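S.K.: Here you go, one structure.
Protein chains: 2
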Amino acid sequence: MLKLYGFHRSSAAFRVRIALNLKGLDYEQAAVHLRRGEQRAPEFLKLNPQALVPALIDGAHVLTQSLATIEYLDETYPNRPLLPNTPAGRARVRALAQIIACEIHPLGNLRVLQYLAKELKQDEPTVQRWFNHWIALGFGAFEALIAGHPETGRFCHGDQPTLADVCLVPQVFNAKRYDLDLKPFPTLMGIFEHCMAQPAFDRAQPSKQPDAE
Amino acid sequence: MLKLYGFHRSSAAFRVRIALNLKGLDYEQAAVHLRRGEQRAPEFLKLNPQALVPALIDGAHVLTQSLATIEYLDETYPNRPLLPNTPAGRARVRALAQIIACEIHPLGNLRVLQYLAKELKQDEPTVQRWFNHWIALGFGAFEALIAGHPETGRFCHGDQPTLADVCLVPQVFNAKRYDLDLKPFPTLMGIFEHCMAQPAFDRAQPSKQPDAE
Numbered sequence: 005m006l007k008l009y010g011f012h013r014s015s016a017a018f019r020v021r022i023a024l025n026l027k028g029l030d031y032e033q034a035a036v037h038l039r040r041g042e043q044r045a046p047e048f049l050k051l052n053p054q055a056l057v058p059a060l061i062d063g064a065h066v067l068t069q070s071l072a073t074i075e076y077l078d079e080t081y082p083n084r085p086l087l088p089n090t091p092a093g094r095a096r097v098r099a100l101a102q103i104i105a106c107e108i109h110p111l112g113n114l115r116v117l118q119y120l121a122k123e124l125k126q127d128e129p130t131v132q133r134w135f136n137h138w139i140a141l142g143f144g145a146f147e148a149l150i151a152g153h154p155e156t157g158r159f160c161h162g163d164q165p166t167l168a169d170v171c172l173v174p175q176v177f178n179a180k181r182y183d184l185d186l187k188p189f190p191t192l193m194g195i196f197e198h199c200m201a202q203p204a205f206d207r208a209q210p211s212k213q214p215d216a217e
Numbered sequence: 005m006l007k008l009y010g011f012h013r014s015s016a017a018f019r020v021r022i023a024l025n026l027k028g029l030d031y032e033q034a035a036v037h038l039r040r041g042e043q044r045a046p047e048f049l050k051l052n053p054q055a056l057v058p059a060l061i062d063g064a065h066v067l068t069q070s071l072a073t074i075e076y077l078d079e080t081y082p083n084r085p086l087l088p089n090t091p092a093g094r095a096r097v098r099a100l101a102q103i104i105a106c107e108i109h110p111l112g113n114l115r116v117l118q119y120l121a122k123e124l125k126q127d128e129p130t131v132q133r134w135f136n137h138w139i140a141l142g143f144g145a146f147e148a149l150i151a152g153h154p155e156t157g158r159f160c161h162g163d164q165p166t167l168a169d170v171c172l173v174p175q176v177f178n179a180k181r182y183d184l185d186l187k188p189f190p191t192l193m194g195i196f197e198h199c200m201a202q203p204a205f206d207r208a209q210p211s212k213q214p215d216a217e
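Heads up: the protein sequence lines correspond to chains A and B, in order.
When the letters of the first sequence are read in order and numbered with our numbering, they come out as residues 5 to 217.
When the letters of the second sequence are read in order and numbered with our numbering, they come out as residues 5 to 217.
Below, the structure is given as structure tokens:
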């Protein structure tokens with residue numbers, strides 16, 4: 005049985021939950037409470053010295069970093085593939101996923117927001133502006149890449165969910181946290197709504213996890 | 005002929021140059037001067053609406069996001085593979101690459117440093133501390149994952165360079181920019197030195213590019 009160490013509000017853990025659900029894999033969840041600092045507890049550091057969730061246990065393997073974990077799942081459990089079947093298609097989907105994972109999400113990570121508040125003494129409105137600034141910039145690029153593109157379908161790439169959708173959905177949840185105006189991103193939001201109508205995405209959302217507050 | 009739109013000091017472009025060199029691929033370079041804002045010029049935005057380098061042109065395909073680009077190269081030009089041949093090996097290498105690409109590098113990106121200085125009015129020493137803080141944190145995790153690990157060899161994974169080394173080397177160049185103390189990361193630095201002794205890495209470094217200042 006797969007075991008996922010995560011946190012309901014972690015968007016990286018949210019990605020892995022969606023991928024597991026899309027593939028119809030059973031998994032057990034263990035909560036690592038980030039706001040209480042449980043990711044820095046010695047037992048967790050033994051599992052993942054990065055002090056980050058998610059960490060997925062598959063037999064003898066400890067998988068870390070959500071994108072690497074999802075690619076592993078896709079290679080190991082090939083039913084309902086999360087990547088297209090051509091190199092160019094895979095490059096498009098991975099690039100979209102990486103706009104989220106390498107350009108937007110790292111700047112809104114809990115530890116980054118805490119550094120802004122504690123080390124740089126930034127007030128709450130400034131931290132929220134920072135958070136929304138990077139999402140708006142990245143979503144603008146994302147929208148430009150998908151709007152009117154011949155390979156965009158009901159999902160980011162065609163009519164089946166891929167790694168791009170898996171990354172997009174948790175980031176939209178983050179964007180709603182401080183009420184970012186999402187009207188400038190109509191294609192992106194259409195895909196988000198379509199994703200949320202799928203049980204695999206819906207069941208993975210933070211409020212539906214066992215550790216939700 | 006492949007054409008790489010890059011910038012000598014961009015570490016994402018540096019990664020792609022290393023990968024191209026490791027695979028022995030010929031490529032033409034076009035400089036996009038980031039400090040002069042050339043990435044926001046209309047002609048470049050038509051190529052990459054993300055306003056980021058690198059962008060690699062391979063025939064009809066425009067590849068963006070360095071990790072997606074390198075995976076594309078690895079699939080399309082399979083000689084000298086940059087990923088191991090097992091799912092668990094690939095997961096390890098991708099996770100190491102993503103510690104750099106998703107945890108460290110995004111926080112030291114030029115546009116992020118500019119936002120800290122201009123929008124948040126942080127002085128130069130504070131910006132440098134920020135820059136080094138995230139590198140030290142990420143390198144600590146990276147060192148913990150590779151030190152004493154049975155799959156670590158002369159490179160991050162065995163005795164052949166992989167995507168993990170391709171990402172590590174440019175980040176070490178960044179770490180040297182503001183004199184981060186690198187003694188706490190002996191395994192990582194040993195691998196860095198070994199990489200830099202290889203012509204594919206050496207020829208890709210910023211000071212040896214046509215647009216170097």
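Glycine residues also receive a C-beta, built at the ideal position from the N, C-alpha and C atoms.
Note that the structure is predicted; figures quoted are calculated from it, not measured.
Please go through the region 143–167 of chain A and give each complete beta strand (DSSP E) segment of 3 or more residues, from N-terminal end onward.
M.R.: None, since the region 143–167 of chain A contains no complete beta strand (DSSP E) of that length.
S.K.: Out of A:139, A:57, A:201, A:48, state which residue places its alpha-carbon closest to the alpha-carbon of residue 19 (chain A).
M.R.: Ranking the options by Cα distance to residue 19 (chain A), first place goes to A:57.
S.K.: If I measure Cβ to Cβ from residue 22 (chain A) and keep anything under 7 Å in the same chain, skipping five residues before and after, which residues do I get?
M.R.: Closer than 7 Å at Cβ, skipping near neighbours: 170, 173, 204, 205, 208.
S.K.: Output the boundary residues of the beta strand (DSSP E) element that contains residue 33 (chain A).
M.R.: Element bounds for residue 33 (chain A): 31–35.
S.K.: Of all Cβ atoms in chain A, is any one closer than 7 Å to the Cβ of residue 106 (chain B)?
M.R.: Output row for residue 106 (chain B): interface = yes.
S.K.: Under 7 Å, Cβ to Cβ, is there at least one residue of chain A near residue 92 (chain B)?
M.R.: Interface residue, yes.
S.K.: Would you mind reading off the limits of the alpha helix (DSSP H) that contains residue 50 (chain A)?
M.R.: It spans 46–51 - the alpha helix (DSSP H) in which residue 50 (chain A) sits, taken as one unbroken run.
S.K.: Buried or exposed: where does residue 62 (chain A) fall if 16 or more other Cβ atoms within 10 Å of its Cβ makes it buried?
M.R.: So residue 62 (chain A) counts as buried.
S.K.: Taking the alpha-carbon positions, what's the residue 110 (chain B) to residue 183 (chain B) distance?
M.R.: About 19 Å.
S.K.: Any contact of the region 24–40 of chain A with the region 76–85 of chain A, i.e. 3+ C-beta pairs under 8 Å?
M.R.: Cβ pair count under 8 Å is three or more, so yes.
S.K.: Would residue 104 (chain B) and residue 159 (chain B) qualify as a contact pair, given that the criterion is a beta-carbon distance under 7 Å?
M.R.: Going by C-beta atoms, residue 104 (chain B) is not nearer than 7 Å to residue 159 (chain B).
S.K.: So for residue 12 (chain B), helix, strand or coil by DSSP?
M.R.: Looking at residue 12 (chain B) - three-state DSSP - the assignment turns out to be coil, as it is neither helix nor strand.
S.K.: Please name the residue, chosen from A:201, A:122, A:106, A:31, that lies closest to residue 175 (chain A) on a Cα-to-Cα basis.
M.R.: Of the listed residues, the one whose Cα sits closest to residue 175 (chain A) is A:106.
S.K.: Who are the neighbours of residue 65 (chain B) on chain A, taking C-beta pairs under 8 Å?
M.R.: In chain order: 92, 95.
S.K.: Secondary structure at residue 59 (chain B), three-state DSSP: helix, strand or coil?
M.R.: It is a strand residue.
S.K.: Got a sec: is the Cβ-Cβ distance from residue 175 (chain B) to anything in chain A below 7 Å?
M.R.: Residue 175 (chain B) does not count as touching chain A.
S.K.: Would residue 154 (chain A) be called buried (16 or more neighbouring beta carbons within 10 Å of its own) or exposed?
M.R.: It is exposed - the Cβ of residue 154 (chain A) has fewer than 16 other Cβ atoms within 10 Å.
S.K.: May I have a chain-ordered list of the alpha helix (DSSP H) segments no shorter than 4 residues that lie completely inside the region 87–132 of chain A?
M.R.: Taking only runs of at least 4 residues, the alpha helix (DSSP H) segments lying wholly in the region 87–132 of chain A are 91–102, 114–122.
S.K.: Would residue 79 (chain A) pass as an interface residue toward chain B - the criterion being a Cβ-Cβ separation below 7 Å?
M.R.: For residue 79 (chain A), the answer is yes, since a Cβ of chain B falls inside 7 Å of its Cβ.
S.K.: What would DSSP say about residue 212 (chain A), mapped onto helix, strand or coil?
M.R.: Helix.
S.K.: In whole angstroms, give me the CA-to-CA distance for residue 67 (chain A) and residue 11 (chain B).
M.R.: Using only the alpha carbons, I get a separation of about 33 Å.
S.K.: At a Cβ threshold of 7 Å, is residue 232 (chain A) touching chain B?
M.R.: The question about residue 232 (chain A) has no answer, for chain A in this structure spans 5 to 217.
S.K.: Residue 55 (chain B) and residue 43 (chain B) - do their beta-carbons sit closer together than 7 Å?
M.R.: Taking 7 Å as the Cβ cut-off, residue 43 (chain B) and residue 55 (chain B) qualify as a contacting pair.
S.K.: For residue 214 (chain A), count neighbouring C-beta atoms within 10 Å of its own C-beta (all shown protein chains included) and say buried if the count is 16 or more, exposed if not.
M.R.: Answer is exposed; the Cβ neighbour count stays below 16.
S.K.: Please confirm whether residue 102 (chain B) and residue 71 (chain A) have their CB atoms less than 7 Å apart.
M.R.: It is a contact, given that the beta carbons lie within the stated cut-off.
S.K.: Leaving out the 5 sequence neighbours to the left and right, which residues in its chain are closer than 8 Å to residue 147 (chain A) when beta-carbon positions are compared?
M.R.: 188, 189, 190, 191, 192, listed in sequence order.
S.K.: Which residues in chain B have a C-beta closer than 9 Å to the C-beta of residue 124 (chain A)? List them in chain order.
M.R.: Chain B residues near residue 124 (chain A): 120, 124, 126, 130, 134.
S.K.: On the CB-based measure, 16 or more other CB atoms within 10 Å of its CB, does residue 112 (chain B) come out buried or exposed?
M.R.: Burial call: buried.
S.K.: How many whole angstroms separate the CB atoms of residue 31 (chain A) and residue 6 (chain A), which I take to be in contact at a CB cut-off of 8 Å?
M.R.: So it is a contact: roughly 4 Å between Cβ atoms.
S.K.: DSSP state of residue 7 (chain B), grouped into three classes?
M.R.: If DSSP states are grouped into helix, strand and coil, residue 7 (chain B) belongs with the strands.
S.K.: Strictly under 7 Å for the Cβ-Cβ distance: is residue 53 (chain B) near chain A by that measure?
M.R.: Cβ-Cβ to chain A under 7 Å: yes for residue 53 (chain B).
S.K.: Is there at least one Cβ from chain A nearer than 7 Å to residue 72 (chain B)'s Cβ?
M.R.: Chain A, which has a Cβ nearer than 7 Å to the Cβ of residue 72 (chain B), makes this yes.
S.K.: Looking at the secondary structure, which residues open and close the alpha helix (DSSP H) in which residue 71 (chain A) lies?
M.R.: Looking at the DSSP string, the run of the alpha helix (DSSP H) that includes residue 71 (chain A) is 70–80.
S.K.: Against chain B, with Cβ distances strictly below 7 Å, would residue 99 (chain A) count as a contact?
M.R.: So yes, residue 99 (chain A) belongs to the interface.
S.K.: Out of A:76, A:74, A:97, A:121, which has the shortest C-alpha to C-alpha gap to residue 163 (chain A)?
M.R.: Answer by Cα proximity: A:97.
S.K.: Where does residue 38 (chain A) fall in DSSP's three states?
M.R.: Note: residue 38 (chain A) maps to coil in three-state DSSP.
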